[in-house]
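Q: This structure is in structure tokens; I'll ask about it shortly.
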Amino acid sequence: MPEGPEIRRAADALGAALIERPLTTLWFHRADLRRRGKALAGRSIVAVRPWGKAMLTEFEGGWQLYSHNQLYGRWMIVPSGTRPETKRSLRVVLENVEDAALLYSASDIAILAPGEWQSHPFLSRLGPDIFHADTTPVRLRARLADRRFARKPVGALLMHQPFVAGLGNYLRSEILFAARLHPARRAGELDADAAGRLSRAMTQLAERAYRTGGETAPKSWVKARRRAGEGWQQARHWVFNREELPCPECEAPIRRITFDGRRLYLCPHCQQEPAS
Ligand SMILES: [Zn+2]
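The opening residue of the sequence shown carries number 5 in the working numbering; numbering runs sequentially from there.
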């Protein structure tokens, strides 16, 4: 399952192919989208950005094409005029003289007039995107103390899209380890130091994973693990996918648990369970 950093990289690739290039083809598989899509005719694409796991393609005048890939949807970028060999069903075509951006298999697609996202059933419930310029550690810290979220354990909150959108399962384990926090700690009970560490780890690790294509540990760590013979899938993290391997801080064996229904990796020594 792609997480925020992977979706943002996909948005970058779409943006590079589409922004400010006049569309030669704008096509939708669904009749209602084709009717609605007439509002987009003649407008350029000005931005493509992620919002959590959704993708927003923004047209001049504030119109937006919303798409959410769920499990099967996939954007492909191919040279204009060509179509890949695939059994997937084509849902959207955005094509200019150089490139064609093709959305396959996604079922959750909408065309939104300016401001209409506020009544969209999915978008209206989403918290701020982790990569949005306004999503700063200061703002995240304020949200940790917000009464909507303060009673939740941080291990659930990091995956709770109304809190912040775009963090997924590998980021959750890595952020909690970076902040040295056990997932059962409640957001509202963190002291200023812990809340600060957690908020900074959220933005820093998401940003690092975006920049590096999925690494949450620093380059020096990844290189050292690779030299020691580990594959990149394992070497790129501090604790995620590293059950029984030594903690980078204290060398205690990393433990795998299930938390809020998903696997989570932690150091039992560095991330002490709260006294109940
Ligand atoms: Zn440790």
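By construction, the Cβ of each residue, glycine as well, lies at the ideal position given by its N, Cα and C atoms. Note that this is a predicted model, so its numbers are computed, not measured.
1) Considering Cα atoms alone, identify which of 72, 76, 108 and 102 is closest to residue 89.
2) Looking only at its chain, what residues have a beta carbon closer than 6 Å to the beta carbon of residue 31, apart from the 5 residues adjacent to it on each side?
3) First and last residue of the beta strand (DSSP E) that includes residue 82?
4) Hey, quick one: how far does the beta strand (DSSP E) through residue 59 stretch, first residue to last?
5) Residue 54 lies in the alpha helix (DSSP H); which residues open and close that run?
6) Spatial neighbours of residue 63 within its chain, please: C-beta separation below 8 Å, excluding the five flanking residues on both sides.
7) Quickly, what does DSSP pair residue 269 with across the bridge? List them, please.
8) Which one or two residues does DSSP pair with residue 99 in a beta bridge?
9) With a threshold of 7 Å (Cβ to nearest heavy atom), would residue 186 be considered close to ligand 1?
10) One question on the structure: do residue 145 and residue 199 come within less than 8 Å of each other, judged by their Cβ atoms?
11) Sorry if obvious, but does the Cβ on residue 210 come closer than 7 Å to a heavy atom of ligand 1?
12) Ligand 1 heavy atoms versus the CB of residue 277: any closer than 7 Å?
13) DSSP state of residue 116, grouped into three classes?
14) Can you give the Cα-Cα distance for residue 85 and residue 23, rounded to whole angstroms?
15) Could you give the first and the last residue of the continuous beta strand (DSSP E) run that contains residue 68?
16) Can you list, in chain order, every residue whose CB sits closer than 6 Å to a heavy atom of ligand 1?
17) Give every residue of the same chain whose Cβ lies closer than 6 Å to the Cβ of residue 72, excluding the five residues on either side of it in the sequence, and list them in chain order.
18) So, with DSSP's three-state summary, where would you put residue 146?
19) Applying the criterion that 16 or more other CB atoms from any shown protein chain within 10 Å of the CB defines a buried residue, is residue 195 buried or exposed?
20) Can you look up residue 38 in the DSSP assignment and give me helix, strand or coil?
21) What did DSSP end up calling residue 21 once you bin it into helix, strand or coil?
22) Anyone know if the C-beta pair for residue 207 and residue 175 falls short of 8 Å?
23) Just verifying my parser: in three-state terms, what is the DSSP assignment at residue 151?
24) Can you name, in chain order, every residue of its own chain whose Cβ lies under 7 Å from the Cβ of residue 133, other than the five neighbours on each side?
25) Report the rounded CA-to-CA distance for residue 164 versus residue 271, giving the unit in angstroms.
26) Please identify the residue among 231, 157, 204 and 242 whose C-alpha is closest to the C-alpha of residue 218.
27) Give the secondary structure of residue 176 by DSSP, where H, G and I count as helix, E and B as strand, and everything else as coil.
28) Got a sec? Which residues, its chain only, sit under 8 Å from residue 82 by beta carbon, not counting five neighbours each side?
29) Just tell me which of 202, 180, 158 and 216 has its CA closest to the CA of residue 190.
A: Well, looking at it:
1) Numbered from its first residue, the sequence shown carries residue 89 at position 85. Among 72, 76, 108 and 102, the Cα nearest to that of residue 89 is on 108.
2) Along the sequence shown, one-based indexing puts residue 31 at 27. Closer than 6 Å at Cβ, skipping near neighbours: 97.
3) Working through the sequence shown from its first residue, we reach residue 82 at position 78. That run of the beta strand (DSSP E) goes 78-83.
4) As a first step, residue 59 is located in the sequence shown; it is residue number 55 there, counting from the start. 58-63 is the extent of the beta strand (DSSP E) around residue 59.
5) Numbered from its first residue, the sequence shown carries residue 54 at position 50. Segment 49-55 is the beta strand (DSSP E) holding residue 54; no alpha helix (DSSP H) there.
6) What you label residue 63 is simply residue 59 of the sequence shown in a count that begins at 1. If we look at residue 63 and ignore the five residues flanking it on each side, its Cβ neighbours are 44, 47, 48, 49, 50 and 69.
7) The residue you call residue 269 lines up with position 265 of the sequence shown. 260.
8) By one-based count along the sequence shown, residue 99 stands at place 95. Answer is 29 and 104.
9) Within the sequence shown, the letter at position 182 stands for residue 186. Result no, Cβ not under 7 Å from ligand 1.
10) Position 141 of the sequence shown, counted from the first residue, corresponds to residue 145. Position 195 of the sequence shown, counted from the first residue, corresponds to residue 199. Yes, the pair counts as a contact, with Cβ atoms nearer than the cut-off.
11) Translated into positions along the sequence shown, residue 210 becomes position 206. Because no heavy atom of ligand 1 lies under 7 Å away, the Cβ of residue 210 does not count as near it: no.
12) Translated into the one-based positions of the sequence shown, residue 277 becomes position 273. No; taking the cut-off as 7 Å, the Cβ of residue 277 has no heavy atom of ligand 1 nearer than that.
13) Along the sequence shown, read from residue 1 onward, the residue named residue 116 stands at position 112. DSSP places residue 116 in strand when its eight states are reduced to three.
14) As a first step, residue 85 must be located in the sequence shown, where it is residue number 81. As a first step, residue 23 must be located in the sequence shown, where it is residue number 19. One C-alpha to the other measures close to 18 Å.
15) Along the sequence shown, read from residue 1 onward, the residue named residue 68 stands at position 64. Where residue 68 is concerned, the enclosing beta strand (DSSP E) stretches over 68-72.
16) 251, 253, 254, 256, 271, 273 and 274
17) The residue labelled residue 72 in the question sits at position 68 within the sequence shown. Within the same chain, residue 72 has close Cβ partners 58 and 112.
18) For the purposes of this step, residue 146 is taken as the residue at position 142 of the sequence shown. In this structure, residue 146 counts as helix in the three-state DSSP scheme.
19) Start at 1 with the first residue of the sequence shown, and residue 195 comes out as number 191. Exposed.
20) For the purposes of this step, residue 38 is identified with residue 34 of the sequence shown, where counting begins at 1. In the structure shown, residue 38 sits in a helix (DSSP, three-state: H, G or I).
21) In the sequence shown, counting from the first residue as 1, residue 21 sits at position 17. Reduced to three states, the DSSP call for residue 21 is helix.
22) Taking the first residue of the sequence shown as position 1, residue 207 is located at position 203. Taking the first residue of the sequence shown as position 1, residue 175 is located at position 171. In this structure, residue 175 does not lie closer than 8 Å to residue 207 by Cβ.
23) In the sequence shown, the residue the question calls residue 151 occupies position 147. Coil.
24) For the purposes of this step, residue 133 is taken as the residue at position 129 of the sequence shown. Excluding sequence neighbours, residue 133 sits near 54, 55, 56, 139, 169 and 170.
25) Looking up residue 164 in the sequence shown gives position 160. Looking up residue 271 in the sequence shown gives position 267. Each residue's Cα considered, the two are about 23 Å apart.
26) As a working note, residue 218 is residue 214 in the sequence shown. Checked all of 231, 157, 204 and 242; the closest Cα to residue 218 is 242.
27) Locating residue 176 in the sequence shown gives position 172, counting from the first residue. The answer is helix: DSSP assigns residue 176 an H, G or I state.
28) For the purposes of this step, residue 82 is identified with residue 78 of the sequence shown, where counting begins at 1. So the qualifying residues of the chain are 88, 103, 104 and 106.
29) In the sequence shown, residue 190 corresponds to position 186, counting from 1. When each option's Cα is compared against that of residue 190, the closest is 158.
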